[in-house]
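Those letters in the sequence shown? Residues 28 to 105, by the working numbering. First up is the structure itself, then whatever we jot down about it.
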Amino acid sequence: DADLIFKVIDYDRVGANELIGCVGIGAHFDGINYDHWYQMLEHPRVPITESYNLRETIPIITCSSPRTTHKIITPNNI
Numbered sequence: 028d029a030d031l032i033f034k035v036i037d038y039d040r041v042g043a044n045e046l047i048g049c050v051g052i053g054a055h056f057d058g059i060n061y062d063h064w065y066q067m068l069e070h071p072r073v074p075i076t077e078s079y080n081l082r083e084t085i086p087i088i089t090c091s092s093p094r095t096t097h098k099i100i101t102p103n104n105i
């Protein structure tokens, strides 16, 4: 299984780049982030759309546990 993590960054040529937010979808997420992923896998080549709010951190379930243990991934360690 795979996951996709999107980071939205305000790129500055001078100074620091600022993280606006991030979102992830895939097998190791909960809720709509998980459901959307499997809808796309079940219907290849069919557009499956979903709206997401950007977050400061991404709650993700660790690969070693069967959807029970949560690990918080911050934008800095993605």
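From the three backbone atoms N, C-alpha and C, an ideal C-beta is built for every residue, glycine too. Here the structure is a predicted model, which means the values were calculated and not measured.
Between residue 29 and residue 42, the alpha-carbon positions lie close to 34 Å from each other. For the set 44, 84, 71, 59, the Cα lying nearest the Cα of residue 77 is the one of 59.
The beta carbon of residue 79 is closer than 7 Å to those of 50 in its chain, skipping five residues each way along the sequence.
Under the three-state reduction of DSSP output, residue 81 falls in the coil class, being neither helix nor strand.
If you draw a 10 Å sphere on the C-beta of residue 55, you find 16 or more other C-beta atoms in it, and that means buried. In the three-state reduction of the DSSP assignment, residue 57 falls in the coil class, being assigned neither a helical nor a strand state.
Beyond the five residues adjoining it in sequence on each side, residue 48 comes within less than 7 Å, by CB distance, of 35, 81, 82, 83 in the same chain, given in chain order.
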